[in-house]
Structure formats: structure tokens, C-alpha cells
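Numbering (UniProt numbering), first residue to last: 1 to 256.
Structural data, given as C-alpha cells:
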């Protein structure tokens, strides 16, 4: 979670549920500036940090219930917080406590989440909503690796947007084809009741050849007349490459 990312989410009106580091510093709204007091008003209020329970204060809301396994689940909510890099973006922090968890890194008992969005997220939906993150990550990986979403060479954002629609259409066709149950397995893959999009993609060529297409048969190109005499092509627009700055080495601390 970074300040620029929160600003983009607010500008695009895109809600997001993210993990929160235990030592991430957030702040409450700044108190009003006392009249007659000299100096600039405060920009940040009191500190809120998950690793320091004394900074939590009383939660704005709490919820108790059960998770998808039927184990006890409790959620605490703190609202109207922000980070220093994006003070105009308010976020909500959730502390999820699962007593039936194993306590490992993959299955922790305590988890911290942050929510950014105009609509409020119910405390009981935090744990179940975050589980969709894994399917989203695998979907993006499938779009990049198998459908070549980011491998296309285009020059303008409009061209990439058109290519993204083509990739999305191909993804929809693969999802609809999963109901047919046809798949191609590699020797190391196990056969399961539910096939994966990658296994379906391997047999899409045979399925599409049987289904056909509503498009007309392409006409022969014949011999192209080429460019007229005296015509000159326009050079493609060039843009500077945005590179990350080199990290500044930290100076060693002097020992007293």
C-alpha cells in the first residue's frame, strides 16, 4: 500500500482491499487549529500503528461470527485514517482474529487489512472477500503468459486498450468452453473434475474449427499498388523512457 496507489484508486473510483503491514504508520484526522495560535496547523492527527497497541484506541466498530470453516472469527474496525503520502484519501483498517487458524505464515491467527473505497465494507465480508485475491492473481498471470496480454507491441494507449478488449474476449470464450469438459493434459498434470483455463486453451483450436465463425471468407490481397509517387511516411512519435532512480546508499551511523 503506497500513497500514489491510493490516489489512483480514489481518482478511478476503484475500491481495493489490501493487506496491511504491522508496522505501517497511519494517522487520524488532524485536530482543528486553535484560534490565535501561531504557526502552521497540524497536517496529521494521532498515530495509528498495528505493532503498537497503545495507539489503537477504541475501535469504531466490531463484529463476531464464524469463518468459512465454522471457526470463531472476530473483526475490529478503525475508520477515517490516512497515510502521510496521501492525506486526502481516507482508509479503513480491519484487524481480523481467527481462533481456529494454525498460526503459521500461510494461515495466521491475526491479520491486518486496509480498505479504500467510497462504499463501506462490512466487517463480516473482509475475510471472505480477501480470499478472491488468489484467483485474481492467477487470472492476471494467465492473461500475461498464455494470452500474451503484455507481449503486444503497440504505440498508443488506444491501441493497447483495443488489444485488451481482444484478450478479454478470448478469455470469455475460454471460460464458456469450460462447461464442455474438454481439456488437454500434460503428462505431469492430474486429471480433476474441474479443468483449468490453461488446459482448455490447448484444445480451443479444434473447438473453434468445428464451431466456425460468422466472419466472411477473406478476399485475396492481389498486388498492392504501394504508396503514390512523392508520398513520405510520418515517423513514429518517440517518448522518453521512465527509469527508476538509483537508490541512494545510506550513510553509516557514527558510533558514540
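We treat Cβ as the ideally placed atom computed from N, Cα and C, and that holds for glycine.
Note that the structure is a prediction, hence the values are computed from the model and not measured.
Residue i burial status per 10 Å Cβ neighbour count (16 or more: buried)
i, result
"residue 199", "buried"
"residue 211", "exposed"
"residue 1", "buried"
"residue 190", "exposed"
"residue 9", "buried"
"residue 156", "exposed"
"residue 231", "exposed"
"residue 150", "exposed"
"residue 216", "exposed"
"residue 241", "exposed"
"residue 75", "buried"
"residue 201", "buried"
"residue 111", "buried"
"residue 213", "exposed"
"residue 177", "buried"
Residue i: first and last residue of the uninterrupted alpha helix (DSSP H) it sits in
i, result
"residue 204", "204–211"
"residue 170", "157–177"
"residue 198", "197–201"
"residue 9", "3–12"
Anticipated Cβ contact below 8 Å, residue i with residue j, distance rounded
i, j, result
"residue 163", "residue 175", "Not quite, the Cβ-Cβ distance comes to about 19 Å (not below 8 Å), so this is no contact."
"residue 20", "residue 134", "Not quite, the Cβ-Cβ distance comes to about 18 Å (not below 8 Å), so this is no contact."
"residue 77", "residue 61", "4 Å"
"residue 6", "residue 89", "4 Å"
"residue 22", "residue 50", "4 Å"
"residue 203", "residue 183", "6 Å"
"residue 116", "residue 16", "5 Å"
"residue 109", "residue 43", "Going by Cβ atoms, the distance from residue 109 to residue 43 rounds to 35 Å, so no, they are not a contact pair."
"residue 85", "residue 181", "About 49 Å; that fails the 8 Å criterion."
"residue 171", "residue 147", "7 Å"
Range of the contiguous beta strand (DSSP E) that encloses residue i
i, result
"residue 26", "25–27"
"residue 19", "16–19"
Cβ-heavy atom distance, residue i to the ligand GTP, below 8 Å
i, result
"residue 122", "For the ligand GTP, the structure offers nothing, since it holds no ligand at all."
Report yes or no: do three or more beta-carbon pairs, one from the region 45–62 and one from the region 20–32, lie closer than 8 Å?
The answer is yes - the region 20–32 touches the region 45–62, with three or more Cβ pairs under 8 Å.
Answer yes if the region 118–130 comes into contact with the region 82–102, meaning at least three C-beta pairs across the two stretches below 8 Å, and no otherwise.
In this structure the region 82–102 touches the region 118–130; the number of beta carbon pairs closer than 8 Å is three or more.
Ignoring anything shorter than 4 residues, give me the alpha helix (DSSP H) runs that lie fully in the region 88–141, in order along the chain.
Annotation: the region 88–141 contains the following complete segments of the alpha helix (DSSP H) (minimum length 4 residues), in chain order: 126–130.
Does the region 30–41 touch the region 107–125, meaning 3 or more C-beta pairs lie closer than 8 Å?
The answer is no - the region 30–41 does not touch the region 107–125, with fewer than three Cβ pairs under 8 Å.
Runs of beta strand (DSSP E) wholly within the region 45–91 (minimum 3 residues, chain order):
The DSSP assignment places complete beta strand (DSSP E) segments of no fewer than 3 residues inside the region 45–91 at 47–49, 61–66, 72–83, in order along the chain.
For the structure I just gave you, are there three or more beta carbon pairs, one from the region 96–107 and one from the region 62–77, closer than 8 Å?
Cβ pair count under 8 Å is three or more, so yes.
Does the region 189–206 come into contact with the region 135–150, if we say contact requires no fewer than three beta-carbon pairs (one atom in each stretch) closer than 8 Å?
Contact annotation: the region 189–206 touches the region 135–150, with at least three C-beta pairs closer than 8 Å.
Uninterrupted beta strand (DSSP E) stretches inside the UniProt region "Disordered" (212–256) (no shorter than 3 residues):
Here no run is fully enclosed.
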